[in-house]
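Engineer: Mind having a look at this structure? Questions to follow.
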Ligand code: SF4
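This is the structure:
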């Protein structure tokens with residue numbers, strides 16, 4: 001039962017699995033992910049797989065008897081691993097967990113680390129969605145952001161992916177050093193020529209502690225050029241029936257990413273691997289976990305089987321739930337049904353009545369009685385809208 005100090009979640013949300021592969025051939029100068037450059041020949045794949053298995057085994061009691069709607073192998077560069085390792089990871093997941101028959105199973109691909117044979121091997125292991133880190137089709141722009149692949153690698157990997165599976169995503173970035181509007185139009189048109197069903201398009205942001213934060217290239221596009229690029233995206237993509245459904249995600253009908261939608265609708269996920277995060281609901285609480293970031297330390301701790309690879313294991317406070325929920329769901333262009341708040345958090349909407357009124361007053365949240373959905377102004381100032389829900 002719901003009382004003032006407790007939450008009660010009647011039906012647990014859908015559950016996804018995330019597996020973090022922490023290595024890359026080289027570190028891109030803009031990247032703030034938990035990725036570490038390594039010579040692929042020096043990866044101890046056997047020890048890594050053993051550590052992943054230990055990590056999963058230590059987490060099983062948290063998700064006992066629940067079905068899995070999606071698996072996402074991300075990084076870093078997952079495609080740096082051999083086909084045999086990816087096959088073993090998926091076999092391990094299938095051995096311990098119940099994966100639904102129509103589950104989305106994605107691997108992130110760096111075009112500089114795959115050939116046709118490898119991609120076919122991934123597909124034969126059970127991968128049914130490729131997310132390809134294209135970023136740009138312009139060799140100069142790719143070089144400036146430190147990517148290891150070139151335009152031809154990008155074209156080859158898309159062609160091969162489309163031969164193998166129906167469901168692919170292309171990651172594209174804009175506002176790159178030296179990039180002009182004309183370059184970006186070329187990138188969009190080239191992406192469009194493949195008629196992809198999903199695109200993720202990101203503005204390059206300069207994150208602290210990256211190489212670019214200390215050595216900003218002097219040919220970054222100015223604000224006006226960047227916003228011109230941003231404006232072009234929806235115009236170009238709507239022509240081919242693609243709709244923006246989230247801040248950075250565009251898809252054709254029925255090709256929205258199941259895995260990402262689960263994050264944005266405040267679903268559950270178990271993340272295993274170095275630095276992976278988890279959010280797991282129980283009937284009376286919601287917990288968050290973080291694993292050790294450093295891959296070597298994570299491996300050494302995980303195989304000890306004493307949970308010492310987990311550096312944070314906290315219960316989300318009742319007061320934090322409105323913000324955590326709204327932070328995610330307001331990223332969705334079409335919003336979500338208001339009843340989802342009660343389903344996911346176990347709380348009544350009344351707990352955030354005051355904050356909803358502030359958002360109305362500022363014309364950032366729509367007065368739609370069915371949905372939580374940002375107004376056009378709220379969409380433009382999404383951060384401000386989300387911050388209203390911090391207690
Ligand atoms: S390939 Fe991706 S994860 Fe690896 S360094 Fe570059 S941006 Fe980061």
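Residue numbers (the UniProt record's numbering): 1 to 391.
Using N, Cα and C, we set each Cβ at its ideal position, and we do this for glycine too.
Computed from a predicted model, the values in this text were never measured in an experiment.
#1: Restricting to runs no shorter than 4 residues, where is the alpha helix (DSSP H) found entirely within the stretch 206–237?
#2: Helix, strand or coil: which one does DSSP assign to residue 24?
#3: Is residue 141 near the ligand SF4, in the sense that its beta carbon is under 7 Å from a heavy atom of that ligand?
#4: For the putative contact between residue 177 and residue 149, defined by C-beta atoms under 8 Å, what is the C-beta separation to the nearest angstrom?
#5: I need the DSSP call for residue 268, collapsed to helix, strand or coil.
#6: Less than 8 Å between the C-beta atoms of residue 201 and residue 181, yes or no?
#7: Across the stretch 33–42 and the stretch 298–316, are there enough close Cβ pairs to call them in contact, namely three or more that are closer than 8 Å?
#8: Can you tell me whether residue 136 is helix, strand or coil according to DSSP?
#9: Measuring straight from C-alpha to C-alpha, what distance separates residue 51 and residue 124?
#10: Look up residue 173 in the DSSP assignment and give the residues it is bridged to.
#11: Which first and last residues belong to the alpha helix (DSSP H) in which residue 56 is found?
#12: For residue 113, collect the residues of the same chain with a Cβ closer than 7 Å to its Cβ; drop the 5 residues on either side in sequence, then sort them by chain order.
#13: In the structure shown, what three-state DSSP assignment does residue 256 receive?
#14: Touching or not, the stretch 332–343 and the stretch 294–313, by the rule of three or more beta carbon pairs under 8 Å?
#15: Cα-Cα, which of 363, 319, 227 and 248 is closest to residue 348?
#16: Output the residue ranges of the alpha helix (DSSP H) runs that lie fully inside the stretch 308–335 and measure 4 residues or longer, sorted by chain position.
#17: Would you tell me roughly how many angstroms separate the C-alpha atoms of residue 379 and residue 244, rounded to the nearest one?
#18: Assign residue 235 to one of two classes, buried (16 or more other C-beta atoms within 10 Å of its C-beta) or exposed (fewer than that).
#19: Closer than 6 Å by C-beta to residue 99: which residues in its own chain qualify, once you throw out the five before and the five after it? Chain order, please.
#20: Taking the alpha-carbon positions, what's the residue 19 to residue 44 distance?
#21: Taking the straight line between their C-alpha atoms, what separation do you get for residue 357 and residue 364?
#22: The ligand SF4 and residue 110: does the residue's C-beta get closer than 7 Å to at least one heavy atom of that ligand?
Structural biologist: Here's the rundown:
#1: The qualifying runs are 211–214.
#2: In the chain shown, residue 24 corresponds to position 24, counting from 1. In this structure, residue 24 counts as strand in the three-state DSSP scheme.
#3: Here the question's residue 141 lines up with position 141 in the chain shown. No.
#4: Translated into the one-based positions of the chain shown, residue 177 becomes position 177. Translated into the one-based positions of the chain shown, residue 149 becomes position 149. Actually they do not touch by this definition, with Cβ atoms about 17 Å apart.
#5: One-based indexing of the chain shown puts residue 268 at position 268. Of the three classes helix, strand and coil, the one that applies to residue 268 here is strand, per DSSP.
#6: Sequence index remark: in the chain shown, residue 201 carries index 201 (1-based). Sequence index remark: in the chain shown, residue 181 carries index 181 (1-based). In this structure, residue 181 does not lie closer than 8 Å to residue 201 by Cβ.
#7: With a cut-off of 8 Å, the stretch 298–316 and the stretch 33–42 do not count as touching, because too few Cβ pairs lie within range.
#8: Reading the chain shown from its first residue, position 136 is the one you call residue 136. Residue state, collapsed to three classes: coil.
#9: Stepping through the chain shown from its first residue, residue 51 is reached at position 51. Stepping through the chain shown from its first residue, residue 124 is reached at position 124. Between residue 51 and residue 124, the C-alpha separation is close to 24 Å.
#10: Against the chain shown, residue 173 aligns to sequence position 173. Note: residue 173 sits in a beta bridge opposite 202.
#11: Here residue 56 corresponds to residue number 56 of the chain shown, with the count starting at 1. Start and end: 45–59.
#12: Along the chain shown, read from residue 1 onward, the residue named residue 113 stands at position 113. Only 25, 77, 79 and 80 meet the Cβ criterion.
#13: Counting from one through the chain shown, the residue named residue 256 turns up at place 256. If DSSP states are grouped into helix, strand and coil, residue 256 belongs with coil.
#14: Too few Cβ pairs lie closer than 8 Å, so no.
#15: Residue mapping note: residue 348 aligns to position 348 of the chain shown, counting from 1. Per the C-alpha coordinates, the member of 363, 319, 227 and 248 positioned closest to residue 348 is 319.
#16: Taking only runs of at least 4 residues, the alpha helix (DSSP H) segments lying wholly in the stretch 308–335 are 321–329.
#17: Against the chain shown, residue 379 aligns to sequence position 379. Against the chain shown, residue 244 aligns to sequence position 244. Going by the C-alpha atoms only, they are around 12 Å apart.
#18: What you label residue 235 is simply residue 235 of the chain shown in a count that begins at 1. Answer is exposed; the Cβ neighbour count stays below 16.
#19: Sequence index remark: in the chain shown, residue 99 carries index 99 (1-based). Setting aside the 5 residues that flank it on each side, residue 99 is surrounded in the same chain by 68, each with a C-beta closer than 6 Å to its C-beta; the list follows chain order.
#20: Stepping through the chain shown from its first residue, residue 19 is reached at position 19. Stepping through the chain shown from its first residue, residue 44 is reached at position 44. Cα to Cα, the separation comes out at about 17 Å.
#21: Looking up residue 357 in the chain shown gives position 357. Looking up residue 364 in the chain shown gives position 364. Taking the straight line joining both Cα atoms gives about 10 Å.
#22: Taking the first residue of the chain shown as 1, we reach residue 110 at position 110. The answer is yes for residue 110.
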